[in-house]
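Report on the structure given below.
There are 2 protein chains.
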Amino acid sequence: MLTISTRGQAMPASPIRKLVPFAEAAKKKGIKVYHLNIGQPDIETPKMVLDAVRHSDFKVLEYSHSAGNESYRKKLVQYYASVGITVSANQIIITTGSSEAIAFGFMSCLDAGDEVIIPEPFYANYNGFAVAAGVKVVPVTSFIENSFALPPISEMEKKITPRTKAIVICNPNNPTGYLYSKEEMEQLKALIIKHNLYLFSDEAYREFCYEGHQTSAMHLTGVDDHVIIMDTISKRYSACGGRIGAFVTKNQQVLDAAMKFAQARLSPPGFAQIAGEAAVDLPADYFDTTKAEYKSRRDLIVSRLNQMEGVFCPNPGGAFYAMARLPIDDADRFCQWLLEEFSFEGQTVMLAPATGFYGTEGLGKREVRLAYVLNSNDLEMAMDCLAAAIKEYPGRV
Amino acid sequence: MLTISTRGQAMPASPIRKLVPFAEAAKKKGIKVYHLNIGQPDIETPKMVLDAVRHSDFKVLEYSHSAGNESYRKKLVQYYASVGITVSANQIIITTGSSEAIAFGFMSCLDAGDEVIIPEPFYANYNGFAVAAGVKVVPVTSFIENSFALPPISEMEKKITPRTKAIVICNPNNPTGYLYSKEEMEQLKALIIKHNLYLFSDEAYREFCYEGHQTSAMHLTGVDDHVIIMDTISKRYSACGGRIGAFVTKNQQVLDAAMKFAQARLSPPGFAQIAGEAAVDLPADYFDTTKAEYKSRRDLIVSRLNQMEGVFCPNPGGAFYAMARLPIDDADRFCQWLLEEFSFEGQTVMLAPATGFYGTEGLGKREVRLAYVLNSNDLEMAMDCLAAAIKEYPGRV
């Protein structure tokens, strides 16, 4: 018998995408499904960004440099300066989405059996890249009651073993929307210095902060060798399908190692590098407009959720996700039921059960993640559906 | 001290790209460098293929399905039928270049410590993906004297251990240009059945056969569960920078496992999927023209090389590479010397030392790989340079 690898078996299915067949079945029955399950914004990709690709006039779609086009990396230096981060073009490797940046980080800094500490709930695909790299994810629980703030450093410290090599954060956070404070970032800094750890910082949602500003891991001083930023244009410019991200660090050894992984896959996608480069020249008010839109959506769903009996949703400071605790027995069952058995005026809503975002078995059973990636009218309708569903759900508690 | 992972250290630098700094230095001195070192064709990407992207009119650059756009996969079913391969759209996962297809194959079918047997010399990046996956590459030597034909099955069989899980071939071959015969493919079939192995078949150069036709691994009968094809649009349509490939297998278990790795990285690049889909509709004579061009280039360089004293170059049956044995002491030293110290009428040539394509230390020291990706005039000039260089090189033997 030909067999699948142990890691192929251990690889988790995406908790965000695993309900897709039920959504497809619901649509076939004629039910309209509001997709709040996935961080695919409805915001249009800026025309200027798409036009840069459409108006390109090269004749041969060539490999780029393995680190990405130099012109793009130079442009990104400008972008990072605009958010208070000083890096050179040589400290940036363009990646195929932030996904590949995460993979490069794990592969370059950790061996099989090494451990990374990640506050949970966390972006589920970290699990996938950890399984691929043979790395063990050690979760430290954050709690909905205090908006999923950074767990106490003492709790994180308890998890450190001789195999611990890194801490992974996502800031602002997916799935919780939590924006780490400057104080929390300084606590993390002390921790990585004390225990000699890498800090992998996923900053995909950097611009989307509604309560104060983001403290980037690269704003921390004196830890240049520790910090690796995983970045992406996906959410920033609503360009998820381009698959362009960046691996950014000032640690030369790490850069050298990551470059070898980058060379093995030859180059990042060509067309979307053109898009990414053009995006840096978007007018300064681009993010103001987008952010205002997301903020009004956030206000809408947080308010609507907290009006529902038995529902609690902390106010997320950034990104475009909210986590809510619902009066239900089992989030996975509930989310499937929403698609399989429920409808309200011919409509229903698709949510991501929070269980898939926790590393600790059994947590998140009453929580769901909502991505506010639809316009306000659709969000109102989705909230109407959810309110009706919570009343009707047989597993209500 | 923060450390790099063992695999980060073990990761090989690209043998094709490691001489790049010397080429850059030569160019700064005003020397024209003919690049025969890398499989980046000069052939124009078909206008129709680029136009499909340039004329696209979507508003949001969205994630595609993790397996790639359904419309593209359906189109590929048509493409594969045209080359005698019957597959369904569900048996295809669109990947980020064939690079990712190789990674998915290793990750899904092999665990760390498992072994793959590969005839050497082989495409150097297999090493990279093997290191990333913790997989051990076990080379079986093929020889320039018989054009790098498949090593005797008895030699391959000797290398099989309880950890052997797969055989990897590239057909037609990069770097040797060798086109495996139907008989050789049947021998491989018997071997994978007898020892219950996967056959990973890299068929990037399928269309470029100058002596007879390609026997695809998917033309073999009765081994559906064993065969995985790694494919790409890079060479076929001169679209290397698009980063679009395919992972094709009829083994449902393998597909299920690979899909989980595909979900973790969300989706393959969006723009280039549009290009790949359009390419399937190229007129039937597209490959005739391209193939004729490559064939005339092959004839040119093979003839020129064999006219040089002490040089031997077998006639490659496919792809766009030739391997030549030169009267030199050390291919790495020679290739660096070509860039650092040599010029002929203000020009020089960049080659890939064959050492990087062998898994066995010490082999390939007198061999180089030449990619015939330049037009005939440039190839003639490059051959003039090489002929002069061989005469002048201090390490001539």
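Line by line, the protein sequences give chains X and W.
Using our numbering, you'd call the opening residue of the first sequence number 3 and step up by one each time.
Using our numbering, you'd call the opening residue of the second sequence number 3 and step up by one each time.
By construction, the Cβ of each residue, glycine as well, lies at the ideal position given by its N, Cα and C atoms.
Note that the structure is a prediction, hence the values are computed from the model and not measured.
I want to verify the contact list: residues of chain X whose CB lies under 9 Å from the CB of residue i, in sequence order.
i: Ser400 (chain W); result: No answer is possible for residue 400 (chain W): it lies beyond the span of chain W, which begins at 3 and ends at 399.
i: Ile195 (chain W); result: In chain order: nothing, as chain X lies at least about 11 Å away.
i: His272 (chain W); result: For the sequence presented, residue 272 (chain W) should be read as Gly rather than His. Near Gly272 (chain W) (Cβ distances below 9 Å), the residues of chain X are Ala241, Cys242, Gly243, Gly244, Arg245, Pro271, Phe273, Ala274.
List, in chain order, every chain C residue whose beta-carbon is nearer than 9 Å to that of residue i.
i: Glu122 (chain W); result: The displayed structure is made up of protein chains X and W, and chain C is not among them.
For residue i, tell me which candidate among the options has the shortest Cα-Cα distance.
i: Glu72 (chain W); options: W:Glu205, W:Glu209, W:Ile94, W:Arg56; result: W:Ile94
i: Leu181 (chain W); options: W:Ala27, W:Val35, W:Ala389, W:Ala324; result: W:Ala324
i: Glu295 (chain W); options: W:Cys211, W:Val51, W:Gly361, W:Pro121; result: W:Cys211
i: Ser68 (chain W); options: W:Asp283, W:Ala277, W:Glu102; result: W:Glu102
i: Ile104 (chain X); options: X:Gln11, X:Val250, X:Glu394; result: X:Val250
i: Ile195 (chain X); options: X:Ile303, X:Thr291, X:Glu159, X:Tyr207; result: X:Glu159
i: Cys337 (chain W); options: W:Pro14, W:Lys20, W:Gln11; result: W:Lys20
i: Ala354 (chain W); options: W:Lys49, W:Leu328, W:Asn379, W:Ser378; result: W:Leu328
i: Lys252 (chain X); options: X:Ile6, X:Ile235, X:Thr223, X:Ala151; result: X:Thr223
i: Arg9 (chain W); options: W:Asn129, W:Met187, W:Asp290, W:Lys77; result: W:Asn129
i: Glu394 (chain X); options: X:Asp331, X:Arg267, X:Ser305, X:Phe344; result: X:Phe344
Using C-beta distances below 7 Å, list every residue in its chain close to residue i, excluding the 5 sequence neighbours before and after it, in chain order.
i: Ser66 (chain X); result: Ser269, Pro270, Gly272, Gln275
i: Val55 (chain W); result: Phe273, Ile276, Ala277
i: Ser110 (chain W); result: Val256, Ala259, Ala260, Phe263
i: Thr97 (chain X); result: Ala103, Phe106, Gly247, Ala248, Phe249, Pro270
i: Arg400 (chain W); result: This structure gives no information on residue 400 (chain W), because the portion of chain W shown stretches from 3 to 399.
i: Arg299 (chain X); result: Tyr374, Ser378, Leu381
i: Ala280 (chain W); result: Met50, Val51, Ala54
Taking residue i as the query, report the chain W residues whose CB atoms sit under 9 Å from its CB, ordered along the chain.
i: Glu26 (chain X); result: The premise fails here: Glu26 (chain X) is roughly 11 Å from chain W at the closest Cβ pair, so nothing lies under 9 Å.
i: Val118 (chain X); result: Per Cβ cutoff of 9 Å: no residues; Val118 (chain X) is ~12 Å from chain W at best.
i: Ala134 (chain X); result: Ala105, Met109, Ala134, Ala135, Phe263, Ala266
i: Ser203 (chain X); result: Within 9 Å Cβ-Cβ: nothing; Ser203 (chain X) doesn't reach chain W, min ~15 Å.
Contact criterion: CB-CB distance below 8 Å. Does residue i meet it with respect to chain W?
i: Gln254 (chain X); result: no
i: Thr291 (chain X); result: no
i: Thr357 (chain X); result: no
i: Leu52 (chain X); result: yes
i: Val400 (chain X); result: Limits of chain X in this structure are 3 at one end and 399 at the other, which puts residue 400 (chain X) out of reach.
i: Ser16 (chain X); result: yes
Starting from residue i, find everything on chain W with Cβ-Cβ shorter than 7 Å and list it in chain order.
i: Asp113 (chain X); result: Ser7, Thr8, Arg9
i: Asp227 (chain X); result: Leu4
i: Asn127 (chain X); result: Ala266
i: Phe131 (chain X); result: Ala266
Please return the same chain residues whose Cβ sits closer than 8 Å to the Cβ of residue i, not counting the five positions on each side in sequence.
i: Ala132 (chain X); result: Phe108, Val118, Lys138, Val139
i: Lys297 (chain X); result: Tyr212
i: Ala114 (chain X); result: Ala135, Gly136, Val137
i: Tyr81 (chain X); result: Val282
i: Ala27 (chain X); result: Leu341, Glu342
i: Met166 (chain W); result: Per the sequence shown, residue 166 (chain W) should be read as Thr rather than Met. Cβ neighbours of Thr166 (chain W) beyond the five flanking positions: Asp116, Glu117, Val118, Ile119, Val140, His197, Leu199.
i: Val35 (chain X); result: Ala25, Ala28, Lys29, Leu341, Gln349, Thr350, Val351, Met352
i: Pro17 (chain X); result: Ala126, Ala354, Pro355, Thr357, Gly358, Phe359
What residues from chain W crowd round residue i, counting only those whose CB sits closer than 8 Å?
i: Asn198 (chain X); result: Met3, Leu4
Tell me, please, whether the CB atom of residue i is closer than 8 Å to any CB atom in chain X?
i: Met13 (chain W); result: yes
i: Gln42 (chain W); result: yes
i: Lys237 (chain W); result: no
i: Arg19 (chain W); result: yes
i: Leu63 (chain W); result: yes
i: Thr98 (chain W); result: yes
i: Arg56 (chain W); result: yes
Determine the chain X residues that contact residue i at a beta-carbon separation under 7 Å, and present them in chain order.
i: Ser66 (chain W); result: Gly243
What does a CB cutoff of less than 6 Å around residue i pick up in its chain, not counting 5 residues either side in sequence?
i: Ile162 (chain W); result: His197
i: Phe346 (chain X); result: Cys387, Ala390
i: Gly361 (chain W); result: Glu122, Val139, Pro141
Name the chain X residues that come within less than 8 Å of residue i, Cβ to Cβ?
i: Ala259 (chain W); result: Ile6, Ser7, Gly10, Gln11, Met13
i: Glu46 (chain W); result: Lys61, Val62
> Are at least three pairs of beta-carbons, each pair with one atom in the region 364-373 of chain X and one in the region 29-46 of chain X, less than 8 Å apart?
Replying inline: yes
>> For the structure I just gave you, are there three or more beta carbon pairs, one from the region 191-204 of chain X and one from the region 224-244 of chain X, closer than 8 Å?
In response: yes
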